[in-house]
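Student: Protein chains in written order, with the numbering used here: chain P, 462 to 877; chain H, 66 to 252; chain E, 1123 to 1214; chain C, 2 to 974.
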Amino acid sequence: MQFNGFRVIWEGLTGHKGWKPLWRDPEPQPEYDIIIVGGGGHGLATAYYLANTFNELKVAVLEKGWLGSGNIGRNTTIIRSNYLLPGNEPFYEFSMKLWEGLEQEFNFNAMVSQRGILNLCHSDGQRDAFRRRGNAMRLAGADAELLDQDAVRAMYPALNIDNARFPIKGGLLQRRAGTARHDGVAWGYARGADRKGVDLIQNCEVTGFRIDAGRIKGVETSRGYIGAKKVGVAVAGSSGRVMAHAGMRLPIESHVLQAFVSEGLKPVIDGVITFGAGHFYVSQSDKGGLVFGGDIDGYNSYAQRGNLPVIEDVAEGGMAILPMLGRARLLRAWGGVMDMSMDGSPIIDKTHIDGLYLNAGWCYGGFKATPASGYAFAHLLSTGRPHETATQMRLDRFARGYPIDEKGAGAQPNLH
Amino acid sequence: MTDLTPLCALGAPEPRRTARGALSLTENPDLALASLALRAGGAQPAPFGLTLPGPGAFNASGEVLALWTGPGQWMLAAERSPDADFAAELRAQAPGCSITEQTGGWCCVEIASATGAAPLDRLLEKLVNLPPAALCPGRAARTGLHHLSVFVIRRSTDRLAVLGMSSAAGSLWHALDAAALRLESFA
Amino acid sequence: MLIPHPLLGLRDAQEFTYLGDASLLNRPDTGTDADPEAFFAYTHLRDNPAGVHRELWFHEQGDRSWLVVTRNTLTHEILGAELASDVKRGLA
Amino acid sequence: MTRISGGLIDRSRTLSFTFEGKRYEGHPGDTLASALMANGVRLVGRSFKYHRPRGIFAAGSEEPNALVTLRSGARAEPNTRATTIELYDGLEAVSQNRWPSLAFDALGVNDLASPFFAAGFYYKTFMWPKAFWEKLYEPLIRRAAGLGALGGEPDPDAYDKGFLHCDLLIIGGGATGLAAALTAGRAGASVILADEDMRLGGRLLMESHALNDAPAVDWVQGIEAELESLPNVRILRRTTIFGSFDHGIFGALERVGDHLLRPETVRQTLWRITAKRSILAAGATERHIPFASNDRPGILLGGALRAYVNRWGVTPQAKDSDRIAIFTDNDDGHRTAIDLVAKGIPVLAVIDAREDAQRLGEYQLYKGATVTGTQGRLGLSSIDITQNGLTRTLECAVLGVSGGWNPNLHLASHHRGRPVWSQAHSAFLPPEDLPQGMAVAGAAAGHGSTHAALRSGAQIAAQLSECKPAELPLAEDAPHRQTPLWHVPGKTRAWVDFQNDVTVKDIALAHRENMRPVEHLKRWTTLGMATDQGKTANVTALAVMAELTGKTIAQTGTTIFRPPYTPVALGALGGGDSGVHFRPTRLTPTHPFAVQRGAPFVEVGQWLRAQYFPLKGETHWRESVDREVLAVRSGVGLCDVTTLGKIDVQGTDAGDFLNRIYCNAMASLKVGKVRYGLMLREDGFAYDDGTCARLGEQHYVVTTTTANAGLVYRQMEFARQCLWPDLDVQLISTTDAWAQIAVAGPKSRELLSRVVEADLSNEAFPFMACAETRVCGLRARLFRISFSGELAYEIAVPTRYGNALMARLMEVGADLGVTPYGTEALGVLRIEKGHATGAELNGQASAQMLGMGRMVSTKKDSIGAVMSRREGLMADTRRLVGLMPQDPQARILAGGHLFAPEAERKTETDLGWVTSACWSPHLNSYIALGFLTDGEARLGETVIVANPLEGDEAPCKIVSPHFIDPEGGRLRD
């Protein structure tokens, strides 16, 4: 069924009797060409591109819980391509271009909204670093602008520029960045994949891999064994747990990142703002909630919840740059489990086991990457070759000494 | 004897002081400090006749005070003039230990209550996240206070000393004074 | 969270700085002929268990002790804490 | 007026307030809701999506409808529940989400268009034409969405934070909490009793039953008095425990000044409470029953209606003769009718869905009947009652709806424990796996009757504090009788979630579209995502979905709860110090000197450092900086370098230890000497650099960069305690203990010799010498090190003498033209000399890139040595080089990227970037440092510094990074 305004009106007039399920609930088949483990954003996007772009016919997505229950279901919805390093920036810019045509492509309004992201800087050193980054973005075909203090003030008069501990000197602006409705993205990809015949199988937990002579044969699941020629794992947050079934140790730690939303408010913040001296970033959803976050809690965790000090720290950051927020109320806090990698950058690669592929290590940058990650992973799964924008996102880069370390924080996951 | 005139940690020639209701805050500029760390396998000395205290505690005798700062580590404090080389004094008292001068490193604010323990307890619960037992008279703790690392020494029921790094003395004073001010307006 | 400091009792986790897996105690020191593979595993690979985890916390705003804390990463329940130096010396 | 007799309000005093600009009066003890009711105001707000007229629905923090903006201007508090606002004199409130007025809201048309606004409609449209989303659709949606508006000005109020510790935290001051507090308090436990209400008592204040044959409030006041008298009990009124965190830590918000026109001190205090044990005694929240058009003003929860009558002496009637009906599926609904009758209020009837319902008082009862429709545009005027297929419409202004009670178990499942469905209670009960140390008591645990609540509170407290339960008063113990009716089937919309306008139809649509898992249902329909977090809606919605799928409620599952229990102001979470006290500020010892000289200051981490020292007549910062630089190159300059980290290292193994910390050798350093050292991270990249001075056989002083002082100390403690605990080495930071001043320039020896009591000749004190000495009769440390490339020293004295020493050096050096210089000149001098700082040591650079590859000793093990030899680091040909623009006046900016002249400007051809750049007054040219691929091989060639971001490019000659005195002769003179 095609979605459009006329359909919405017609169904409205006829009592919404005609709407069909967004996707089927198929029983698992005995074997697939490709099984994607994980029905989160990246897994669903991968399945979508496998079926739509790479014409793979027998594809299934196995999801432990409900579709979109990964970090796509709990994030701060920011999309951007403002990275520094050649290993990252072209990939994220590719993702941004996919975002720009996504809704028309999969016929679902994911509310992709290019409202712009502004990174504030507070010192000459930070501005120099932003210049290096902004130039890297330009060189990769992305847009970037370096704003001075007056331009920042004009853009967001509510910012605390003068009476601040770390005065705002300017900022790096990417106008094409913005936000997207996170659930909408998952549902759009799921519906699109389902329409192309991909089996989306919920409540199906992978409990093991069947590996024979170094080659993948299939997966053991809570709903029985399912055979597969290739298996792609996209379970960021649980990568360590799942790959342990294949006897692999990863350059990844699982950490909790909290995110927050305020009560609904009339429009007060147009785009995305990030604080360069404290730990805070904020945007406002179409429903009016201020969506904001900051640092990870910092300790290994799979608990999907965080603690009070980080909530306070984030709120302090918010009050420091936007003192009007004092009267706004925190409505909900939630925690997601992040695949924090050793250099802060992701992994899209084959493993040492034939036919077993890994998509992991997204830290807290996974949402914006969803389209490119799905596309690049589908490319690798279908052609056996990495996508041109993901050639450095290799598993062996750590051993060989080619980290993609945007922050220069080194091999300590909670610093990225 | 030097002819250079020292400043107090808060940047003035004279120590800062203020009164907030039952509480008085006074910068203490005459506190000489030196740290003492045991060498591997070294015996625990008794400088100035002081028994070095255990975790979370301090010992004082006369004008010298010893504060536990970590395993095998203590901070010693004494009333001295600013140019006194207290580290040298201590080195003589504790041969075979690692001694480090700390006098200029810290700003000490003495807080006194005119009405007993209650105002200090109310103040502390706004400043540091420690159970009251950790800061009853005779106890001392290193902990966080408004993003600063401080030593809190409960000299007695109605007296308290807070030491913070001297470079952030202004921020320390602000935090203490603001909290005291809010208590005052409650009273 | 509360960290049960072996010397100071329960202290708020905010006084501490977290480093990571306590396997970082086991640096493959072998002077100059160290094995790069062992060093790579030491610096980069983690068990990252969903469950009991031994990990390093630094009492930065306290007594500057490094602790080995045993904590469940699913429930955050803390099962114990020791001075890292004792653990390294094999005393704990 | 619909004030009636009784209630817990002080009628002797009158408070005046305004709503929608109109003036009204109420009494102390009123909430805004009860006061509005007393003034006959029924229409209070508009719903989120359809802008439906809404009134007061509840009597507590679960209120979904009566949201107002309290106060105005910078103090405006949007989305505030009228039911929790304590009335004060001069209170002003306005309604929200309506235009032009509450009574006539233009966006009411949304209601007419509602057929097109079904669940998830926006995911299916607004996609064409593409550009219209940002330009047209989204702006419209954003304008229509949201509820109240922020004032937009900085919050003028003060907030406070604090930390409390106790044996037992009791959450809720109703019957259960009071019984628990009494029991534990008498046993001597340190107890904190917190309740969100303005006074203790909970439901006891809202019910008519007696305790020991006396009004319940008498008992409450007696207990309150005793608890107040116990030194070990602390009562926190107006305090919401909003979150349960790890290990018995709770977040609590105390509304210190919200019940006042202006706060006396702080508006709110955020308490972090650490409790060994806790008792959740938060009571229960009533459910409603969805039926056709069930959202009109005048329709409210039965228990809330009872609360207004009993506690506030008020009803929602427009006039006294208005009739009130009750719709229920359980016995509790009848209580409301009984209380109304007792107060002489006209009761139309009790409509009970149960065939076997019994009449419990003097009112008409419709058994096996349901409400199937309502009328009244801005307020209820009549209802349709259907019984045995027969429907009659009866005049009725108020309808109380009772669908049973949901335990307030939110905090019990903040650790993701799943609530358990109980058929017997027809409600979810607290999970098995409770937060550490928590027990749940009273209605929150399903013990609904007053007697059961009191008993469970006392017993659990007794268990926790190992004592006897306090003796309890006689109280009602009515059994729970209910046959749950989850919704009344019908064609018209029946609201489940009022605030977000989610109806039974929306749930049916979610079911049809296979959005059946609870989380999909929630996200597709926005159920429970409003400011009330679905407190009155979620369970009902689950039950409806269960019915549609033919599963049990237990099978259907539930969403778990997350903090906060009720929304918390960011001002309170962000706490007192925003502004300039957001984080500590560190000042250098010579700060007063710099202030007196009118120096501007720059942030370096937490430090404020003098940027430059302008002289009269200097109009541009460059004039001052150029002057300072040239003064150092030709004369002598002074710069406070105290901010560099200083770590005191002692012990018999100190040298061995430092050998393992630095990639180059340190043990071989002679006493009285200084050596430059480079530290690596264990992953092999450059970490930090600085000098290391050996003051004695077993005594070194390590200096770090300003930015990394804390990190390096932590790293060294890690090495000492975790890697090599058997080495005899002791560490302590002395950064703040010494004021350190750089004395740099050809005349620096001359200047210092005038104050230092030591032989400074090249022979006695050569380059890289250090000594403990005396200056102006004061103990001091002297280092002959140079960051500028000139003959230079750094002299350290006890911190508090730093300012005086600076002044003295200025005085005695006047004839030498001694010049203070700031961070800008410091930066120029080090770039001219090619010294790396944070811009180069950015965590991404290897020793090789910095031109120090050979420093990494292969003769010893040190942190990072092994990993620094990984293929990728060895193969990296990027090197730090110097860059001079062909046109000396062509400004180079740090952050430009490097390209071969003919190359296209793109990622693939990018050769590197500029790390640092400045104008060199010494060379009369802009100069820069940068990392360049094949840097060494390209010396002498030309690269383009491209800055597409700001649209400039400059061809530059690639030179050695040491622009001045590459041989270092000047240092050694």
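Idealized CB from N, CA, C, for every residue including glycine.
Because the structure is a prediction, the values reported are computed rather than measured.
Kindly identify the DSSP beta-bridge partner or partners of GLY1173/E.
Tutor: According to DSSP, which records beta bridges pairwise, GLY1173/E is partnered with nothing at all.
Student: Against chain P, does ASN1148/E count as a neighbour if the rule is that its beta carbon must be under 8 Å from one of theirs?
Tutor: With respect to chain P, the C-beta atom of ASN1148/E has no partner C-beta closer than 8 Å.
Student: Between THR693/C and TYR677/C, what straight-line distance do the alpha-carbon atoms span, to the nearest angstrom?
Tutor: The residue you asked about is not Thr; residue 693/C is Cys in the sequence shown. CYS693/C and TYR677/C have their alpha carbons spaced roughly 6 Å apart.
Student: What residue does the beta strand (DSSP E) around LEU1/C start on, and which one ends it?
Tutor: The shown model of chain C, from 2 to 974, leaves out residue 1/C, and the question about it has no answer.
Student: Taking DSSP's pairing of strands, which residues face GLN500/C in a bridge?
Tutor: According to DSSP, GLN500/C bridges with nothing at all.
Student: Is it a yes or a no for the stretch 645–658 of chain P touching the stretch 669–678 of chain P, going by three-plus beta-carbon pairs under 8 Å?
Tutor: no
Student: Starting from the N-terminal side, write out each stretch of the beta strand (DSSP E) that is 3 residues or longer and does not extend beyond the stretch 85–118 of chain H.
Tutor: 88–92, 96–102
Student: So with CB distances below 9 Å, who are the chain C contacts of ARG1211/E?
Tutor: PRO726, ASP727
Student: Could you tell me the boundaries of the alpha helix (DSSP H) in which MET717/C lies?
Tutor: 710–719
Student: Any idea which residues DSSP pairs CYS919/C with across the strands?
Tutor: ILE928/C.
Student: What's the call for TRP1188/E, buried or exposed, on a 16-neighbour Cβ count within 10 Å?
Tutor: buried
Student: Counting contacts by CB-CB distance shorter than 8 Å, is VAL642/C in contact with chain P?
Tutor: no
Student: Given THR394/C, which residues of its chain have a CB within under 6 Å of its CB, disregarding the five upstream and five downstream residues?
Tutor: SER383, ASP385
Student: Would you list the residues sitting across from THR943/C in a DSSP beta bridge?
Tutor: Beta-bridge annotation (DSSP): THR943/C is paired with LYS958/C.
Student: Can at least three beta-carbon pairs, one atom from the stretch 626–639 of chain C and one from the stretch 814–821 of chain C, be found at a separation below 8 Å?
Tutor: yes
Student: Strictly below 7 Å CB to CB, what residues from chain C border GLN575/P?
Tutor: Under the 7 Å cutoff, chain C gives GLU135.
Student: Under 7 Å between beta-carbons, which chain C residues line up against PRO458/P? List them in chain order, please.
Tutor: For residue 458/P there is no data in the structure shown, the boundaries of chain P being 462 and 877.
Student: Enumerate in chain order the residues of its own chain whose CB-to-CB distance from ALA252/H is below 8 Å, with the five nearest sequence positions on each side excluded.
Tutor: Note that ALA252/H has pLDDT 45, beneath the 50 cutoff, so the model's placement of it is unreliable and the number below is only indicative. Result list for ALA252/H: GLY86, ALA87, PRO184, in chain order.
Student: Can you list the beta strand (DSSP E) stretches of 3 or more residues lying completely in the stretch 769–810 of chain C, in chain order?
Tutor: 771–776, 779–784, 793–799
Student: In the DSSP assignment, what are the bridge partners of ILE172/C?
Tutor: ALA195/C, LEU281/C
Student: Suppose you measure from the CA of ILE495/P to the CA of GLU488/P; what does that come to, to the nearest Å?
Tutor: 16 Å
Student: Does the beta carbon of GLN849/C come closer than 8 Å to any beta carbon on chain E?
Tutor: At a cut-off of 8 Å between beta carbons, GLN849/C makes no contact with chain E.
Student: Going by DSSP, what residue range makes up the alpha helix (DSSP H) through LYS1210/E?
Tutor: 1206–1210
Student: Quick check on VAL613/P: does DSSP put it in helix, strand or coil?
Tutor: Of the three classes helix, strand and coil, the one that applies to VAL613/P here is helix, per DSSP.
Student: Which word fits THR643/C, buried or exposed, when buried means at least 16 other C-beta atoms lie within 10 angstroms of its C-beta?
Tutor: Residue environment: THR643/C is assigned as buried (16 or more neighbouring CB atoms within 10 Å of its CB, all protein chains considered).
Student: Is it the case that the Cβ atoms of GLY299/C and GLU287/C are separated by a distance below 8 Å?
Tutor: No, these two residues do not count as a Cβ contact at 8 Å.
Student: Please classify ALA199/H: does DSSP put it in a helix, a strand, or coil?
Tutor: helix
Student: Measuring only the C-alpha atoms, how far is HIS166/C from ALA462/C?
Tutor: 17 Å
Student: Anyone know if the C-beta pair for MET616/P and GLU154/C falls short of 8 Å?
Tutor: no
Student: Taking C-beta pairs closer than 9 Å, name the residues in chain H that LEU1205/E reaches, listed in chain order.
Tutor: The answer, in chain order, is PRO136.
Student: Are there 16 or more other CB atoms within 10 angstroms of the CB of TRP313/C, so buried, or fewer, so exposed?
Tutor: buried
Student: Checking contacts by CB at 8 Å: is GLU166/H closer than that to chain C?
Tutor: yes
Student: So, are the CB atoms of THR275/C and ILE250/C less than 8 Å apart?
Tutor: Yes, these two residues count as a Cβ contact at 8 Å.
Student: Would you mind sorting LEU179/H into buried or exposed? The rule is 16 or more other CB atoms within 10 Å of its CB.
Tutor: Leu is not the amino acid found at residue 179/H; the sequence shown has Ala there. So ALA179/H ends up on the exposed side.
Student: Compute the distance between the beta-carbons of VAL867/C and PRO1158/E, then report whether it is under 8 Å.
Tutor: yes
Student: With distances taken from CA atoms, which of LEU940/C, LEU206/C, PHE20/C is nearest ASP219/C?
Tutor: Answer by Cα proximity: LEU206/C.
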